[in-house]
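Chains as they are written, first to last, in our numbering: chain Y, 38 to 357; chain D, 5 to 218. Shown next, in structure tokens, is the structure this report addresses.
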Amino acid sequence: MSDIRLPRRRFPLITAVLATASVAVAGCGSSDSSSDAVPNGGGDDAAASGLEAVYEDAPVADDAAILPDSTMAEIKERGVLRVAAALDAPLLSQQDPSSPEDVEGFDIDLAKMLAIYILGEPNIEIVPPASETREALLQNGTVDAVFNTYTITEERAEQIDFAGPYFTSGLAVATRADNEDIDSVEDLNGKDVIVGANTPAVTAVPEVAPDAEVTSFATDPQAVQALLQGRGDAYVQDYTLLLAAAANNPDIKIAVQPFTEEPYGIGLPPEDAEYKEFVNDWLEQIQEDGSWSEIWEATLGTVVEGDAPTPPEIGSVPGS
Amino acid sequence: MTAVIENLDPLLRALGTTVLILVISAAGSLVLGVLITVARVSPIPVLRGAAWAYVQVFVNVPLLALLLLAVFALPDAGLLMPLTTTVIVVLTVYEAAYVAEAVRSGINTVASGQVEAARALGLRLSQTLRHVVVPQAVRAVVQPLGNVMIALLMNTALAATVGVVELTSAVNKVNLVAAQPIPIFTAAGLTYMALALAIGLAAGRIEKKVAIHR
Numbered sequence: 038m039s040d041i042r043l044p045r046r047r048f049p050l051i052t053a054v055l056a057t058a059s060v061a062v063a064g065c066g067s068s069d070s071s072s073d074a075v076p077n078g079g080g081d082d083a084a085a086s087g088l089e090a091v092y093e094d095a096p097v098a099d100d101a102a103i104l105p106d107s108t109m110a111e112i113k114e115r116g117v118l119r120v121a122a123a124l125d126a127p128l129l130s131q132q133d134p135s136s137p138e139d140v141e142g143f144d145i146d147l148a149k150m151l152a153i154y155i156l157g158e159p160n161i162e163i164v165p166p167a168s169e170t171r172e173a174l175l176q177n178g179t180v181d182a183v184f185n186t187y188t189i190t191e192e193r194a195e196q197i198d199f200a201g202p203y204f205t206s207g208l209a210v211a212t213r214a215d216n217e218d219i220d221s222v223e224d225l226n227g228k229d230v231i232v233g234a235n236t237p238a239v240t241a242v243p244e245v246a247p248d249a250e251v252t253s254f255a256t257d258p259q260a261v262q263a264l265l266q267g268r269g270d271a272y273v274q275d276y277t278l279l280l281a282a283a284a285n286n287p288d289i290k291i292a293v294q295p296f297t298e299e300p301y302g303i304g305l306p307p308e309d310a311e312y313k314e315f316v317n318d319w320l321e322q323i324q325e326d327g328s329w330s331e332i333w334e335a336t337l338g339t340v341v342e343g344d345a346p347t348p349p350e351i352g353s354v355p356g357s
Numbered sequence: 005m006t007a008v009i010e011n012l013d014p015l016l017r018a019l020g021t022t023v024l025i026l027v028i029s030a031a032g033s034l035v036l037g038v039l040i041t042v043a044r045v046s047p048i049p050v051l052r053g054a055a056w057a058y059v060q061v062f063v064n065v066p067l068l069a070l071l072l073l074a075v076f077a078l079p080d081a082g083l084l085m086p087l088t089t090t091v092i093v094v095l096t097v098y099e100a101a102y103v104a105e106a107v108r109s110g111i112n113t114v115a116s117g118q119v120e121a122a123r124a125l126g127l128r129l130s131q132t133l134r135h136v137v138v139p140q141a142v143r144a145v146v147q148p149l150g151n152v153m154i155a156l157l158m159n160t161a162l163a164a165t166v167g168v169v170e171l172t173s174a175v176n177k178v179n180l181v182a183a184q185p186i187p188i189f190t191a192a193g194l195t196y197m198a199l200a201l202a203i204g205l206a207a208g209r210i211e212k213k214v215a216i217h218r
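In structure tokens form, the structure reads like this:
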């Protein structure tokens with residue numbers, strides 16, 4: 038298994054000082070219209086430069102919260118947070134093909150926030166891909182946390198612990214743009230349906246449409262390609278992933294809005310209540326200070342219309 | 005382990021698909037492989053060149069790349085085959101290159117004096133190959149061919165990446181619900197091992213049976 042080590046990123050104070058100075062100059066020299074523009078301009082810069090401002094203001098745990106001999110203390114000692122995350126999930130956890138050290142998206146940005154909370158800097162080590170063996174990776178201590186659109190289920194909660202849920206999404210249906218046959222999930226009966234291997238759709242589709250012929254493909258780009266080539270009539274996948282696919286490809290449309298609720302949790306090693314509580318505390322803090330919403334807007338928000346949703350209540354799902 | 009027992013029915017059906025892919029591709033690649041070797045040792049330069057190029061291409065391109073090309077690039081060229089058929093075709097042409105190499109090493113064990121004797125007796129080239137060279141060559145490489153077939157069995161697992169519901173794909177599905185990767189994948193591994201052992205033992209038996217006692 039190959040690990041990808043992200044370089045330490047420093048955001049030197051001097052950049053921040055310069056940025057503040059230039060904003061101040063702009064504010065002084067112009068009329069009231071531009072003073073309105075200043076906060077907006079600042080926000081756009083942060084989004085464009087990969088949420089650096091959010092990282093800058095990210096909460097850091099008090100020394101008291103990092104209990105001695107706990108998992109948190111172990112991570113701090115090591116100086117790096119080991120995370121199981123995908124590298125091929127657009128908007129969630131996507132590796133930049135031209136610079137493999139850059140991995141961006143909602144999941145991975147949250148992972149970096151957790152790293153800052155524990156270590157003071159976004160120092161993470163990604164162990165990909167992990168979807169079949171996430172429980173084993175947590176049980177044997179290969180990773181400290183799983184950020185991997187990991188749906189909280191009671192079966193899984195028997196094996197490992199979940200913090201969160203940190204996000205709620207759902208499965209939706211995409212078709213080719215010229216397909217008029219599918220308006221509801223019942224219409225999937227008797228159709229060829231493409232799903233992603235090891236996604237909740239594998240089990241959800243037979244539940245809502247027992248007569249659908251299900252074919253699973255290993256990755257999202259493969260599934261999209263298969264849909265375009267006519268290997269199936271519909272593609273059932275997480276709503277945000279489908280939105281990203283439809284945004285990139287005019288031949289695909291969303292035919293059915295989300296029909297399930299998938300609460301995503303942060304997978305944690307089993308039987309470690311202190312650590313779980315610590316991660317839940319952190320999640321609550323970033324939800325309250327607005328950085329959760331800012332990360333959502335910079336990633337998933339680029340394809341979903343409207344404001345950031347209200348984050349789900351922590352511990353609100355069986356298994357969390 | 006209960007997860008495996010509860011899902012025995014779909015798992016057995018998936019195992020059936022694995023065996024189906026294995027048997028058809030094995031038969032196809034053995035026939036195709038021998039034909040390629042015959043072309044490779046034939047005196048016709050075009051055939052020799054084509055067979056050489058075929059072996060080089062399929063031995064040196066990863067199977068996964070071939071599978072993805074066949075599944076996702078061929079439809080763009082206007083050829084849309086069912087997934088299982090595509091996988092069987094790809095495995096057949098891929099393993100045929102390895103079969104060809106194994107059989108070629110067998111041909112090298114047939115003394116050139118035998119070919120000369122056959123020609124002197126008036127056998128045509130095709131008769132020489134059919135009655136003298138190939139039967140002896142294949143007998144000499146039964147065990148290596150068995151190993152190629154075991155590799156073929158292992159390679160069927162790659163069909164899971166392109167949507168064929170064979171054993172690997174089915175255990176992935178079971179694990180998705182049961183979240184018990186270690187017992188589930190161990191069970192799958194043991195099943196593959198049992199199949200591979202069966203192929204290996206069968207090859208050993210066949211080798212003894214067809215051995216030439218000189």
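Idealized CB from N, CA, C, for every residue including glycine.
Taking 9 Å as the Cβ-Cβ cut-off, the region 150–174 of chain D approaches chain Y at Ala164, Thr165, Val166, Gly167, Val168, Val169, Ser173, given in chain order.
At a cut-off of 4 residues, the continuous stretches assigned as alpha helix (DSSP H) that sit fully inside the region 185–257 of chain Y are 191–196, 238–245. For the region 85–119 of chain D, the residues whose beta carbon sits under 8 Å from a beta carbon of chain Y are, in order, Leu87.
Of the residues assessed, Leu12 (chain D) falls on the exposed side of the cut-off, its CB having fewer than 16 other CB atoms within 10 angstroms. Annotation for Pro300 (chain Y): no alpha helix (DSSP H) segment contains it, though the beta strand (DSSP E) segment containing it runs 299–305. Taking 7 Å as the cut-off between beta carbons, the residues of the region 224–251 of chain Y near chain D are Ala234, Asn235, Val239, Thr240, in sequence order.
Proximity of chain D to Ala255 (chain Y) at the Cβ level (cut-off 7 Å) is accounted for by Thr165, in chain order. Taking C-alpha positions only, Phe76 (chain D) is separated from Gln262 (chain Y) by approximately 7 Å.
Per DSSP, the beta bridge partners of Leu118 (chain Y) are Y:Ile161.
Neighbourhood of Glu172 (chain Y) in chain D, by CB distance below 7 Å: Ala183, Pro185, in chain order. Per the C-alpha coordinates, the member of Y:Gly327, Y:Val91, Y:Leu305 positioned closest to Gly201 (chain Y) is Y:Leu305.
As DSSP reads the structure, Ile188 (chain D) sits in no beta bridge. Proximity of chain D to Gln262 (chain Y) at the Cβ level (cut-off 7 Å) is accounted for by Phe76, in chain order. The region 68–88 of chain D and the region 125–132 of chain D do not touch, with fewer than 3 CB-CB distances between them shorter than 8 Å. Of all alpha-carbon atoms in Y:Arg268, Y:Ser107, Y:Arg171, the one lying nearest the alpha-carbon of Phe199 (chain Y) is that of Y:Arg171.
Between the region 13–31 of chain D and the region 160–178 of chain D there are three or more C-beta pairs closer than 8 Å, enough to call the two in contact. Listed in chain order, the beta strand (DSSP E) runs fully inside the region 109–180 of chain D amount to none, counting runs of at least 3 residues. DSSP places Ser330 (chain Y) in the uninterrupted alpha helix (DSSP H) bounded by 328–335.
The shortest C-alpha to C-alpha distance from Ala106 (chain D) to any of D:Val178, D:Leu162, D:Pro14, D:Gln140 is the one to D:Gln140.
By the neighbour-count criterion, in which a residue is buried when 16 or more other Cβ atoms sit within 10 angstroms of its Cβ, Met158 (chain D) is exposed. Within 8 Å of the CB of Gly267 (chain Y), the CB atoms of chain D belong to Pro79, Leu84, in sequence order along the chain.
Neighbours of Leu180 (chain D) in chain Y, taken as residues whose beta carbon is under 7 Å from its own, are Asn235, Val239, Thr240 in chain order.
For Ala98 (chain Y) and Pro105 (chain Y), the gap between their C-alpha atoms comes out near 14 Å. Between Met85 (chain D) and Pro148 (chain D), the alpha-carbon positions lie close to 32 Å from each other.
Taking every protein chain shown into account, the CB of Leu87 (chain D) has 16 or more other CB atoms within 10 angstroms, so this residue is buried. Between the beta-carbon of Asn176 (chain D) and that of Asn235 (chain Y) there is about 6 Å, and that keeps the pair under the 8 Å contact cut.
The C-alpha of Val140 (chain Y) lies about 19 Å from the C-alpha of Gly116 (chain Y).
Under the Cβ criterion of 8 Å, Glu298 (chain Y) is not counted among the residues facing chain D.
In this structure, the beta-carbon distance from Val210 (chain Y) to Val293 (chain Y) falls below 8 Å. Membership of Asp275 (chain Y) in the beta strand (DSSP E) is indicated by the continuous run 271–275. In the structure shown, Gln131 (chain Y) falls within a strand segment according to DSSP collapsed to helix, strand and coil.
According to DSSP, residue pairing for Ala110 (chain Y) in a beta bridge does not occur. Look at Gln132 (chain Y): its C-beta is not under 8 Å from any C-beta on chain D. With contact defined as three or more Cβ pairs closer than 8 Å, the region 116–131 of chain Y and the region 174–190 of chain Y are in contact. Using a CB distance below 7 Å, the part of the region 184–209 of chain Y facing chain D consists of Glu192, Arg193, Gln196, ordered along the chain.
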